[in-house]
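Counting in my numbering, the sequence shown runs without a single skipped number right up to 291 at its last residue. As structure tokens, the structure follows; a few thoughts come after it.
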Amino acid sequence: AVTRVAIDQGAKVYGSKNGYYGLLHNELIPLELRNVGGVMQHGGTFLGSARAPEFKTVEGRQMALQHLRALGIEGLVVIGGNGSQTGASALNDMGLPVIGVASTIDNDLIGSDITIGVDTALNIALEAIDRLKVTASSHRRAFLVEVMGRDCGYLALNAAIAGGAEGAVIPEIETTPEEVVADLQQSYERGKTNGIIVVAEGAKHGWQELLAYCNSQPEIGFELRGVTLGHVQRGGTPTAYDRLLATRLGANAAERLIAGEHGCVVGMIRGRETATPYSEVVGRTKGVDPK
Ligand code: F6P
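Encoded structure:
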């Protein structure tokens, strides 16, 4: 969407291979309309992505700016979550107009009610939970299912609600191992054939600790197993919701940048493409509303 809108408005577009790594190592490739055809139905990124610690230094960012200026690049769109937008803000402060697009499965970025990738990751977690329930019911077992999300419980909470789980263990609210045992035991005593507890990777008591504790409490009834979904959640075909969200945010970011706006992240707030200044985004994260 960024490429298409920018070309439509008369701009020339380059893509940076592997994110900031490509800016540091001058791996910038021209993008024409045909380069961005047929990417909609694929997860991940056709440009690649990498952790680039050198970009955190002023020298690294100066090098990136040199490469961009050598190509006559006048503005940058950065698609990513907190780490990416922190780097983007620093580059913007060094004089290059930068605009962000809110994209992370963690949904912990300020400036968007929901970020690109969350819906797909959530649906993948749900599919896994539905499958786990089949085997859990056959053996009258309970599963502790760990999902990603860094320090945000959004994926875990929503997967638990939509997956009909017994409970969610999230970073925003402390749940004790005793509470997990009580939830599962009550379900067992009510005659349920399976139990699911979704555990966020950032929760104070992780799934392995909870599993060890639950296994030491025979009154729980269920036989226990634990599973980590991990990077499985970052693959798969993007949902319709994510394709539309990415299209709308990408198009809006390109329009704004070309119109001269920068120093902000474009996200979806109450159904509208909205720009939030980097000063309100960087250095903070969003958790789930405990209500
Ligand atoms: O920020 C996205 C995310 O998938 C987090 O949910 C997770 O904690 C982290 O990235 C994993 O990072 P890596 O792929 O480097 O192991």
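We treat Cβ as the ideally placed atom computed from N, Cα and C, and that holds for glycine.
Helix, strand or coil at residue i [DSSP, three-state]
i	result
Glu273	strand
Cys264	strand
Arg51	coil
Leu68	helix
Gly19	coil
Gly87	helix
Thr3	helix
Val232	helix
Ile79	strand
Leu24	helix
Pro218	helix
Distance CB(residue i)-CB(residue j) smaller than 7 Å
i	j	result
Ala88	Val78	yes
Leu184	Phe222	yes
Leu65	Leu96	yes
Ala254	Val5	yes
Gln85	Met148	no
Ala90	Arg51	no
Ala125	Leu224	no
His205	Pro171	no
Ala251	Ala1	yes
Gly83	Ser49	no
Met40	Arg270	no
Beta-bridge partners of residue i, as assigned by DSSP
i	result
Pro171	Paired residues: none, contrary to the question.
Glu223	Arg141
Ile114	Met268
Val197	This sequence places Ile at residue 197; Val is not what is there. Leu144, Gly167.
Ala240	For Ala240, which the question treats as bridged, DSSP gives no partner whatsoever.
Gly38	Paired residue(s): none; Gly38 is not in a bridge.
Local Cβ density within 10 Å of residue i, reported as buried at 16 or more and exposed below that
i	result
Ala160	buried
Lys133	buried
Arg256	buried
Thr57	exposed
His231	exposed
Chain B contact for residue i (CB, 7 Å cutoff)
i	result
Val227	Judged by its chain identifiers, the structure shown contains no chain B, having just a single protein chain.
contact_flag[the segment 226-244, the segment 119-128] where n(CB pairs < 8 Å) is 3 or more: yes
Cβ contact check for the segment 22-34 and the segment 267-279: 3 or more pairs under 8 Å: no
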